[in-house]
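Visitor: For the sequence shown, the positions run 443 to 672 when the numbering used here is used.
After the structure tokens below, expect a handful of questions from me.
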Amino acid sequence: MIRLHNISKYYGEIKAISSVDLACKAGETTVLIGPSGSGKSTVLRVIIGLIIPDSGDVMIDGETLIRTNALAQRRKMGYVIQEGGLFPHLTAMGNISLMARYLGWNEGKIQSRAEELCGLTKFPEDALSRYPLQISGGQRQRVSLMRALMLDPDIILLDEPLGSLDPLIRSELQSDLKDIFRALGKTVVMVTHDIGEAGFLGDKIVFINGGEITQTGTIQELLNSPKDRL
Numbered sequence: 443m444i445r446l447h448n449i450s451k452y453y454g455e456i457k458a459i460s461s462v463d464l465a466c467k468a469g470e471t472t473v474l475i476g477p478s479g480s481g482k483s484t485v486l487r488v489i490i491g492l493i494i495p496d497s498g499d500v501m502i503d504g505e506t507l508i509r510t511n512a513l514a515q516r517r518k519m520g521y522v523i524q525e526g527g528l529f530p531h532l533t534a535m536g537n538i539s540l541m542a543r544y545l546g547w548n549e550g551k552i553q554s555r556a557e558e559l560c561g562l563t564k565f566p567e568d569a570l571s572r573y574p575l576q577i578s579g580g581q582r583q584r585v586s587l588m589r590a591l592m593l594d595p596d597i598i599l600l601d602e603p604l605g606s607l608d609p610l611i612r613s614e615l616q617s618d619l620k621d622i623f624r625a626l627g628k629t630v631v632m633v634t635h636d637i638g639e640a641g642f643l644g645d646k647i648v649f650i651n652g653g654e655i656t657q658t659g660t661i662q663e664l665l666n667s668p669k670d671r672l
């Protein structure tokens, strides 16, 4: 579903990522993990076309990602950014339905899809009329996920979606996310700093350090590998 070949991105002399090769299979969850500034979020933004690499190719479902098709490809992806990124002046419903309204969906279709997503993400329907500051941090993350899923994308990209939550809420959302990923069968790429979270959610884990992929495998393969390779 997703293939990066020899991707590099520099800002002047500063290396963001270098010679990155990555393949993400359809229906699997790939988790990118590494220290702050290692290039994880850059890889995610390259996939969605928000950052144009200096070299290399991005393939989405067999089609090379270029400037002329980036918008069309982006609409096949749902993107959850750090801390949710909700618009504070819009209600939960307004945030969820923003792109659907822009694309001309009728109100009946929007309402039906919102109700479906509320059930999937365990978000109370009576809270759809509330603004982000009127709901909890965990609920804001559920709204952000619903917004990403609204158009029924083939690919879901998540950048540290649970990083700002307290441990109890984070644990609950981890379980819910795993159930959602299984239920939908989507191709998921997720960024996290938490190795436990990566192991719990990921079919494949990719370690990134200094802008380069240092190791790839399942959690068991990585735990059994020499420690100096991680």
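Even for Gly, the Cβ is constructed at its ideal location relative to N, Cα and C.
With a 10 Å radius around its C-beta and 16 neighbouring C-beta atoms as the bar for buried, classify Gln-662 as buried or exposed.
Guide: By one-based count along the sequence shown, residue 662 stands at place 220. The residue in question, Gln-662, is exposed, as its Cβ has fewer than 16 Cβ neighbours within 10 Å.
Visitor: Leaving out five residues before and five after Phe-529 in sequence, what residues of the same chain have Cβ atoms less than 7 Å from its Cβ?
Guide: Here residue 529 refers to the residue found at position 87 when the sequence shown is read from its first residue. Here the set comprises Asn-537.
Visitor: How should Arg-509 be labelled, buried or exposed, when 16 other C-beta atoms within 10 angstroms of its C-beta is the threshold for buried?
Guide: Counting from 1 along the sequence shown, the entry for residue 509 is found at position 67. Residue environment: Arg-509 is assigned as exposed (fewer than 16 neighbouring CB atoms within 10 Å of its CB, all protein chains considered).
Visitor: Spell out a yes or no on whether the region 650 to 657 and the region 464 to 480 are touching, meaning 3 or more CB-CB pairs, one atom from each, closer than 8 Å.
Guide: yes
Visitor: Of all the options Pro-566, Glu-525 and Gly-520, which has the alpha carbon lying nearest to the alpha carbon of Leu-540?
Guide: The residue labelled residue 540 in the question sits at position 98 within the sequence shown. Closest option to Leu-540, Cα to Cα, is Gly-520.
Visitor: Count the other C-beta atoms from every protein chain shown that fall within 10 angstroms of the C-beta of Ile-449, then say buried if there are 16 or more, exposed otherwise.
Guide: In the sequence shown, the residue the question calls residue 449 occupies position 7. Classification for Ile-449: buried.
Visitor: Let me know the secondary structure DSSP gives Glu-602 once reduced to three states.
Guide: Locating residue 602 in the sequence shown gives position 160, where the first residue counts as 1. Coil at Glu-602, not helix or strand.
Visitor: Starting from the C-beta of Tyr-573, find all residues in its chain whose C-beta is less than 8 Å away, skip the five residues before and the five after it, and write them out in chain order.
Guide: As a working mapping, residue 573 is identified with position 131 in the sequence shown. Excluding positions up to five away in sequence, the list reads Pro-530, His-531, Leu-532, Thr-533 and Ala-534.
Visitor: I need the straight-line Cα distance from Ile-552 to Ser-497, nearest angstrom please.
Guide: Translated into positions along the sequence shown, residue 552 becomes position 110. Translated into positions along the sequence shown, residue 497 becomes position 55. Looking at the two C-alpha atoms, the distance is approximately 40 Å.
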